[in-house]
Structures are given as C-alpha cells and as structure tokens.
C-alpha cells in the first residue's frame, strides 16, 4: 500500500459526505433493503455511525484496509459507509470464494480488521489461530454488545486517498488488487448520472457481489442520488424466473446486468408476460462486464420497445472505475459485426493507439488506452505491474493512461469492441486470466500441462465458457471422471473460473513461432465434440435396431 500511497495527497471529495448530503435531504426515504429488513437514510446513517465507533475502537484508522466477508444483506452497506467514514478503505471478499483465494487476498491487502460473521469465520477457518492472528476478526453479531461513549460525537475523518480495493484475475496465478479512490468514483457518478437521468425516486438493484466492481456503480449510483438500493437475495440471482418476479415486487427502475445474465432474463420475462403479469417498472438497463450480442436482445425489444425502456451499453474496466463508455441502444444497431460501445464518458479520454503509442486512424483497430479522472491508483504491492499498465501519457505531461489490453476501432465517432490484445478473457461478465486456471490445474499431481481457452457461443462467437486442454502425466488418469478435476479446482478457484469442458491430448500444437496455437487447440476440441456426438448417435441407432429386433422376435 505504501508503494502506491507515496506522494498521493488525501482526497478532498468523499463518498461518505455525498451519502450524508442525501441523508439530510431524504431522511425518511428507504435507503437500503434486503429480504429481511429495510433502513431509511436516517437509520442507515445512524447504524453506520455506530459501526464506525466500533471499528475505531478496534484500531481502524485513516489509510487502513478493512476486509468485508459478509452475506448479501444491509450489514454490507452499513460497514462500507462506516469504513469510509473513518477515511479507511474497504476490501470486499465474496464468502463463496475458496478459502485459498480468501487467504491470498487477506495476506496481500493486510487489513487491520476483518468484518465477518462468526458462522462464516468457523466455516472458513475453524479454530485456525494463525489465520485469526493475521487480522483482528470483528463479528457483526457482537455489535449489539458495543456501547460507545454517549458524549462522543460520530467519528469523521478527512477522506483518505483510497476508497476500496477490488481483486481481479492475475497473470501470475494469483489475483491482483486494484486500488480506487473516492475522487475516481465520484468522477464516474458525476459524469454518468446526468446521462442516466437518475433521481431519488429510482430503485436500484444490487445484483452483483461487492467483490465485483459493477457493485460500485450499483451502490453509489443509489446512495449518492437519494434513491433506494434493494439487495437481491442470492437464491433469486441464480433464478431468472424468480428474478423477474423480484424486480416486479420491488418496483426496480434501474437494473445492471452482464449480457449473459440478461439473455436468460429475456426468456423469463417473456414467460411472465404471457402469464398476464404486469409490466416491469424498469426505466433503464445498463450492460457491462462483457461484449454484448445485440441480435440476442431483439426479443427484449418485442416485449419492451426501446422508446419506453432504455438499454445502455457501458464498456468498462476495474482499473478505470467500472465504466468508460456510454451507448444508448436501439434495434437499428442489430446486425452490427462487433459490439458497439459508444463514446467515452466526459471524465475520461479514450484513445486508440498502436504499439508505438501513436493514435490510429478512424476505421483502424487499436488498443484502448484510458486517461482521465477515473483512472485508478494502481495495484496493491505490485509496483512492477502498476508501472507496466499505468503508463505516462505522451499527449499530456504529468498525466497517466491505463493500458487496457482491449482492441477497438472508431467509426463516425462511435467505438466498436474487437476483443482482447492479450490472453485475458471475459466470460459471463468476469475478467479471467487463463494462466491463473492453468497454474491451478498444473498443481495437480496428475496434470503435466494445461491450456485454457474460451468456448465460443455457437450463434455469436462470443465467449460462452472455458475449455481446459490437458496433458496428463499418466495415460490412466485420462479415464478418471472429470468431476474429480472440477472438485480439485473448486478448492482453489471461484466457481466462475471453472472450465465447463475438459479435453485430454498427447501434445499441444504450436505456431511457426513456437507459441501455443490456441486456434488449433479449439479445432481439436471441436473435432472431439463432433466425434463424441457422432459416437452417441451411433449408439442410439444401435439401441434402436436392437429394440426393433426384440419386437420382431416377440411378434413371431
């Protein structure tokens, strides 16, 4: 943290202050709700104030990190506000992550306190005293026993430079922590809220995990505009049919989705409307996290014309604070060869550059570089990677740009996304470094080498999952159930990192330059799929002939 903090002044803008302003204007409006409770802005501020006293008593000070490992409920929001009120920085960790990943994030961020539940703590660490010694565990259940000095005013510290650290996939096999400040988030909010026409009458849904940066937009989009934030239960998130009913019941007006999640929602909503359900209250749906296939959205426009419900595509990167571009979608864009992502937000400058950091001409493909007020500070404890990805701008002295690794071209002022320049993938909204999965696979005693590639969606060509191509140390291991490997990986990686398909080969194909030929690997997998399908058809045909033979004999 010191390596990033050196020379960085404390920010003057503060997210907690922005929330407090809304609490003064709208004290009795509902600020946040979960499946069991709801809090007004006044009540949320009071609970956040109390939690900040408790955190302060536990040693949290300006500039410290505080890890949050909590289920989806109002306590998450209470403690985010409490942490920021102290000028500290929150590190969200999804409790569903494997223990190994959670331990890595804690070791890397070195939080002064871990806020969690006692039950979660026992599930993750049991009585592991070593892990508990890494940071002080603070259980939310014990807050009712905490009584602050009644004469002491709510603690408020000038905002530290940092607001949160979110960990994303890393090329070394371990995740990397992106450090983002108050000013970067407020720059996003100030640039995007007028475009969204968001007001205190809106209802935002918290669909995503706090450990996914889309949640930053959801939480602060609501709390800095006086709107309501409804936390969707975990069970509802994974059920499109339940989700559309939840959106109706909560009268959600602003929904944020990865395209993959939205495609499933379209079918669920189509069924709901056929059953004479009332239309949704949605005003805006914002896409982010992965490339959008507009042809798959056509069915939605048959349900809700684009004139009545706006669909917005926002390309973004964790390192540039969630969103970079904005495009209001319409059915006239269908049939576009590549995903249209619009134009940059007012707080950012989006540049398409070649390998010499020179601007490419309109219509030419270049790598996306992003400069401006939303660019993050860098990676925690990774000065080498920070220097590699956050580079000096040749166009503005003293300014930095983030090198995204994404490719795009510009036509008539609009940007079109063309995929990754490196191997990093976006699958179902998550940025995934294949090498992280490969490292985990190769740690298995029976796996000699592993290569992970994207599984193309049959009707769009976009990433629809992951394929693991493997070379085993022993021929006999290839006959083992794939579930064995999946179970092994689930102990090391989050569920969205798990390959959907596995294929064993004797050797990897190489290009003429001696590099791994990923196209040839994909062709091998596709050939295997056809072979497997053909064999299945042959078995079915053989079974059909046997049944005919049996029936013929019984008839005679």
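Numbering (UniProt numbering), first residue to last: 1 to 556. For every residue, glycine included, the Cβ atom is placed at its ideal position computed from N, Cα and C.
Residue range 365-372 is occupied by the beta strand (DSSP E) that includes residue 371, with no alpha helix (DSSP H) assigned at that position. In the assembly as shown, residue 396 is an exposed residue. Its beta-carbon has fewer than 16 other beta-carbons within 10 Å. If you compare the alpha carbons of 225, 206, 250, 223 with that of residue 234, the shortest gap goes to 206. Residue 299 sits exposed, since fewer than 16 C-beta atoms from the chains shown fall within 10 Å of its C-beta. Looking at the DSSP output, residue 343 bridges to 326. The DSSP-derived three-state label of residue 204 is strand.
Between residue 47 and residue 364, the alpha-carbon positions lie close to 53 Å from each other. Measuring C-alpha to C-alpha distances from residue 486 to each of 441, 473, 476, 451 identifies 441 as the nearest.
A residue is called buried when at least 16 other Cβ atoms come within 10 angstroms of its Cβ; residue 318 meets this threshold and is buried. Here the alpha carbons of residue 409 and residue 368 stand approximately 9 Å from one another.
Sorting 19, 447, 509 by C-alpha distance to the C-alpha of residue 224 places 19 at the top. The closest CA to that of residue 257, considering only 166, 405, 338, 212, is found on 212. Residue ranges of uninterrupted alpha helix (DSSP H) with 4 or more members, entirely inside the segment 364-425 and ordered along the chain, are 383-389.
A residue is called buried once 16 or more other Cβ atoms fall within 10 Å of its Cβ, and residue 332, having fewer, is exposed. Residues 34 of the same chain have their beta carbon placed closer than 6 Å to that of residue 73, with the five preceding and five following residues left out of the count. Following the DSSP letters along the chain, one finds residue 317 in no beta strand (DSSP E), marked with neither H nor E. Between residue 240 and residue 273, the C-beta gap is not smaller than 8 Å, which leaves the two residues out of contact.
Residue 324 has its alpha-carbon roughly 11 Å from the corresponding atom of residue 373. DSSP places residue 284 in the strand class (E or B) of the three-state scheme.
Three or more beta-carbon pairs drawn from the segment 78-91 and the segment 162-177 are found closer than 8 Å, and the two stretches are therefore classed as touching. When DSSP reads this structure, residue 179 sits in a beta bridge with 165, 378. Membership of residue 41 in the alpha helix (DSSP H) is indicated by the continuous run 41-57. Counting C-beta pairs with one atom in each stretch, the segment 418-430 and the segment 469-485 have fewer than three that are closer than 8 Å, which means they do not touch.
Of all C-beta pairs linking the segment 102-112 to the segment 61-71, three or more are shorter than 8 Å, placing the two stretches in contact.
Here residue 79 carries a helix assignment [DSSP, helix/strand/coil]. Between the beta-carbon of residue 427 and that of residue 466 there is about 6 Å, and that keeps the pair under the 8 Å contact cut.
The beta-carbon separation of residue 313 and residue 303, rounded to 18 Å, does not stay under the 8 Å limit for a contact. In chain order, 187, 188, 190, 191, 372, 373, 374 place their CB closer than 8 Å to the CB of residue 347, counting only its own chain and leaving out the 5 sequence neighbours on each side. Closest in alpha carbon position to residue 336, among 322, 377, 293, is 293.
Per DSSP, reduced to three states, the secondary structure at residue 267 is helical. Under the 10 Å beta carbon count, residue 507 is surrounded by fewer than 16 other beta carbons and is classified as exposed. In this structure, the beta-carbon distance from residue 474 to residue 519 does not fall below 8 Å. In the structure shown, residue 295 adopts helical secondary structure according to DSSP, grouped into three states. Contact between residue 155 and residue 37 is absent: CB atoms are separated by about 24 Å, not below the 8 Å threshold.
According to the DSSP assignment, residue 116 belongs to the beta strand (DSSP E) that extends over 113-116. Straight-line spacing of the CA atoms in residue 185 and residue 255 works out to 19 Å.
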